[in-house]
Amino acid sequence: MNWKQKILDPDKVMKKIRPGMSIFLGTGISEPRTLVKHLMSSDYHNLVDLELIQLVNFSDTITLKTLDSHKYRLKTFSSGNMVNKAIAKGLVDLIPTRFKRLHRLFDSGRIQVDVAFVQISPPDEPGNASLGVSIDVARSAMKQASLVVGEINHKIPRVFGDTFVNMSEFDFLIYSQDDPVYFKRWETSPAFDRIAGRIASLIPDRSCIAFSIGPLFEALSKKLTNKHHLGVHSPVFTDALMELVKSGAVTNLYKNI
């Protein structure tokens, strides 16, 4: 079957969903915005009592107003942005767990997924598309879901590594012209710069560092550029970390984990 035969209008995809289904949404900046927008705005009678599963929410497509309609309930693994207010209102379930355990929760079926909405790059000639900048548990969700929908967006980078999925793995596809979610960099301050400088002075060459997000790590990345053969562990690859790698300070040569 030619994958182009699977292309549908987003509204027709919404009609494929049944009440009470659990829907996985791509994470953070890989949120399939066109599908989520239609899910939030559609008034179809079948779109009720739905559970939305999203590891991290960075966008403005899911709002307190839509959650308060009692048509949807969000289950997430990270607080922040709109989620904090929604948790306080009892509209969101926050599941505390370590990032490394997420695959087990999905693969074991403890987190159940009926539908998977994922954002992908345009496919190549053999029909392989990239999951883009956020892979996390998308593949696990796709394997478990009985309905898998891919949102093809030409603005999504084709990221190499274990990111590729074949078009045969999708039940339906849609095209999107939406801009991806953009996550602004944190602003630093003289205080953060001083703290980062002190931390950097305590890190010897060949160290393996756990690199995270926030203004401290924005400042720290600039203070580590004169180091040699650093190794890095990080759940996210930020602009600050990218610049540190480009400086030549990170080689992972002596990282033994």
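One point on numbering: in our numbering, the residue at position 11 of the sequence shown is 968, and numbering is uninterrupted. Every residue, glycine too, gets a C-beta built ideally from N, C-alpha and C. Predicted, not measured: the structure shown is a model, and the values here were computed from it.
Item	Value
7 Å CB neighbourhood of K1212 in its chain, flanking five on each side removed	C1165, G1188
Segment contact, 8 Å Cβ cut-off, at least three pairs: the region 978 to 985 with the region 1004 to 1016	yes
Helix, strand or coil at Q1011 [DSSP, three-state]	strand
Residue environment, Q1134, which counts as buried when at least 16 other CB atoms sit within 10 Å	exposed
Pairwise C-alpha distance: T1033 and I1044	10 Å
Cβ-Cβ separation, I986 to F1129 (assumed contact under 8 Å), whole Å	23 Å between Cβ atoms; not a contact.
Segment contact, 8 Å Cβ cut-off, at least three pairs: the region 1046 to 1059 with the region 1106 to 1117	no
Pick from R1163, E988, D968 that is closest to D1017, judged by C-alpha positions	E988
Inter-residue Cα distance where the pair is P1192 and H1060	13 Å
Straight-line Cα distance separating G983 from Q1011	7 Å
Helix, strand or coil at F1056 [DSSP, three-state]	helix
CA-to-CA distance, R1096 to K1022, given in whole angstroms	30 Å
DSSP beta-bridge partners of N1110	S1133
Same chain, Cβ closer than 6 Å to H1185, five either side skipped, listed in chain order	D1162
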